[in-house]
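Residue numbers (the working numbering): 451 to 1039.
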């Protein structure tokens, strides 16, 4: 187990703004930073990061917490994995604190198998002169081969299978990850990838989740891709994004291509804000992923009809996500790789600079050839179907005006033809958030003020008990506040809110801390709020007693029964307590 002091030290030495700013476009907002939330779709930023408190919170979906919480939510990793990721740059070795079971997640056998395979393929490339010469002829440099961990699967039918059999990796794991397959017509197993250049596919944290294999000659199939498995879902991953996301974020622009080699050739040519789809059309999840980093997208597909159709489908998804999208048109028999080889990367940059945006591209297509009314109608209806799925009303209106201007159709006519599209489902976080009660509102105000100083925190601790509060999370927060004050931790500092490990409690603490404090004198407001909370709790208790007495009457209970007498006595006592309720001031404040 990693000691708490090591976990705290790593967190305190890590700047949450630097970590989150590495993947989101943070903008200064007073003492805090804000951005579009990566956990739910929104057009107006409600995601806040506090450098002072070292926490984040989204006021739209409720996600929040410390830097560990963010990595766990954003990258889909466990707590130990998040600690290890932040410990690396600080040169803190947390591995020595971990036992085998602690350092192992449910997916660990899969990741271990894929990492083993990747190392096996790297060794295969080192041992194959033919594969090395092929890569050299194609223009792959040593730096690129190392950066993207390119390898080679030799012609042997069971090289990987035999090598893995000498380790702890189980045969069933190899089968599930699609690294081996059962031999047809014979007993035993054989490797899935053979005699192919291997391109590892990584998730955002940089772990290998799949592979793409390309033949050295012109045999078919040219590409062989990993099947989907428990850690690889091709519609949710973009090839190379783990390597290029920083360049994309800095430029706010991304280039999408269809193939792994296309990606690598453009990267070789200096176009480093690039990613590729993994053998599928661009999906909604991939478009949403890109929207975290970019505002403008260039789609560069093959110049044939299939490439153009795929570009149109991709553009639809990107427009729905609110991204400005341009389609780069290549000559009919060219792909990005072949075009660069013939014309050079600068020629491709020129095509990008003159590329039309998506709507203009379709408008140009309509004007080619026979400009029939049916063709124009077909394109407009296609665009309206896309626009109907845009969530933001203002953006929908702007897009309709653009269609109107390009195709000379009144906006009113377009609106009348605009059918309700299948909008994105509300995020799960939003759908489960309950209506905040008056008691909870006041509890948030109380804690917001209490977290501004030790003296005000003491006033709460001295007067409020857990039974006064509505909701288990608020009771836990009171306990945490009490423990912090008793241990000399400043509730106004980053150590208190940052050290809360419970995800739900951490999110609540972040929300309260980043909320605007109520205007006016803090001590007086806190005094009145605490008094209101305690009275509200007593009144709830009295109401419950009244209800129980009513039930006893309906049941015909004797007035002299012990339960009735006990309830009446308690009711009278609470009435007295309510009448003389006052707030005890901290003698040291």
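The C-beta atom is built at its ideal place from N, Cα and C for all residues, glycine as well.
All values reported here derive from a predicted model rather than from experimental measurement.
{"Check": "Length-filtered (4 minimum) alpha helix (DSSP H) runs lying within the stretch 862-939", "Outcome": "878-882, 888-900, 904-913, 922-936"}
{"Check": "Where the beta strand (DSSP E) through residue 424 begins and ends", "Outcome": "The question about residue 424 has no answer, for the chain in this structure spans 451 to 1039."}
{"Check": "Alpha helix (DSSP H) runs wholly inside the stretch 607-635, at least 4 long, in chain order", "Outcome": "609-615, 621-626"}
{"Check": "Cβ-based burial, residue 881 [other Cβ within 10 Å; buried from 16]", "Outcome": "Note that residue 881 scores a pLDDT of 42, beneath 50, so its modelled location is shaky; the value from the coordinates is reported in the next line. Residue 881 is exposed by the Cβ-count criterion."}
{"Check": "Rounded straight-line distance, which links the Cα of residue 738 to that of residue 905", "Outcome": "45 Å"}
{"Check": "Assumed close pair residue 770, residue 702 - CB separation to whole angstroms, cut-off 8 Å", "Outcome": "With 8 Å as the limit, residue 770 and residue 702 do not qualify as a contact, their Cβ atoms being about 19 Å apart."}
{"Check": "Beta-carbon contacts of residue 453 that lie in its chain and below 7 Å, excluding the five residues immediately before and after", "Outcome": "547"}
{"Check": "Residue 980 versus residue 463: straight-line alpha-carbon distance, rounded", "Outcome": "36 Å"}
{"Check": "Where the beta strand (DSSP E) through residue 674 begins and ends", "Outcome": "673-675"}
{"Check": "Continuous alpha helix (DSSP H) stretch holding residue 646: start and end", "Outcome": "Where residue 646 is concerned, there is no enclosing alpha helix (DSSP H), although the beta strand (DSSP E) it sits in stretches over 646-652."}
{"Check": "Three-state class that DSSP yields for residue 777 in the structure shown", "Outcome": "strand"}
{"Check": "Of the residues 648, 667, 669, 537, the one placed nearest residue 660, counting alpha carbons only", "Outcome": "648"}
{"Check": "CA-to-CA distance, residue 825 to residue 816, given in whole angstroms", "Outcome": "7 Å"}
{"Check": "Cutoff 7 Å; reference residue 561; Cβ partners in own chain excluding five residues on either side", "Outcome": "657, 681"}
{"Check": "CB-CB length for residue 901 against residue 941, believed under 8 Å", "Outcome": "5 Å"}
{"Check": "Proximity of residue 957 and residue 513 at Cβ, strictly below 8 Å", "Outcome": "yes"}
{"Check": "Top-ranked residue by Cα proximity to residue 455, from 945, 614, 478, 912", "Outcome": "945"}
{"Check": "Close beta carbons around residue 520, own chain, < 8 Å, minus the five adjacent residues each side", "Outcome": "466, 469, 470, 506"}
{"Check": "Buried/exposed call for residue 540, threshold 16 Cβ in 10 Å", "Outcome": "exposed"}
{"Check": "Beta-carbon proximity check, residue 497 vs residue 485, cutoff 8 Å", "Outcome": "yes"}
{"Check": "Same chain, Cβ closer than 6 Å to residue 489, neighbours up to 5 away in sequence not counted", "Outcome": "511, 513"}
{"Check": "Span of the beta strand (DSSP E) around residue 747", "Outcome": "746-749"}
{"Check": "Nearest candidate by alpha-carbon position, reference residue 777, set 917, 786, 808", "Outcome": "808"}
{"Check": "Sufficient close CB pairs (3 or more, under 8 Å) joining the stretch 666-686 to the stretch 721-734", "Outcome": "yes"}
{"Check": "Pick from 570, 583, 619 that is closest to residue 609, judged by C-alpha positions", "Outcome": "570"}
{"Check": "Residue 650 beta carbon less than 8 Å from that of residue 594", "Outcome": "no"}
{"Check": "Closest by C-alpha distance to residue 779, when choosing among 810, 773, 766", "Outcome": "810"}
{"Check": "Under 8 Å between C-beta atoms of residue 646 and residue 674", "Outcome": "yes"}
{"Check": "Outcome for residue 733 when other beta-carbon atoms lying within 10 angstroms are tallied against a minimum of 16", "Outcome": "buried"}
{"Check": "Residues of its chain near residue 643, where Cβ-Cβ distance is below 8 Å and the 5 sequence neighbours each way are ignored", "Outcome": "571, 603, 610, 629, 661, 663, 674"}
{"Check": "Which of helix, strand or coil DSSP assigns to residue 1090", "Outcome": "Nothing in the structure corresponds to residue 1090, since the chain is present only between 451 and 1039."}
{"Check": "Terminal residues of the beta strand (DSSP E) in which residue 484 lies", "Outcome": "482-485"}
{"Check": "Nearest candidate by alpha-carbon position, reference residue 573, set 599, 588, 559", "Outcome": "599"}
{"Check": "Reference residue 564; option with closest CA among 744, 620, 721, 582", "Outcome": "620"}
{"Check": "Buried versus exposed, by CB contacts within 10 Å (16 or more), residue 677", "Outcome": "exposed"}
{"Check": "Helix, strand or coil at residue 565 [DSSP, three-state]", "Outcome": "helix"}
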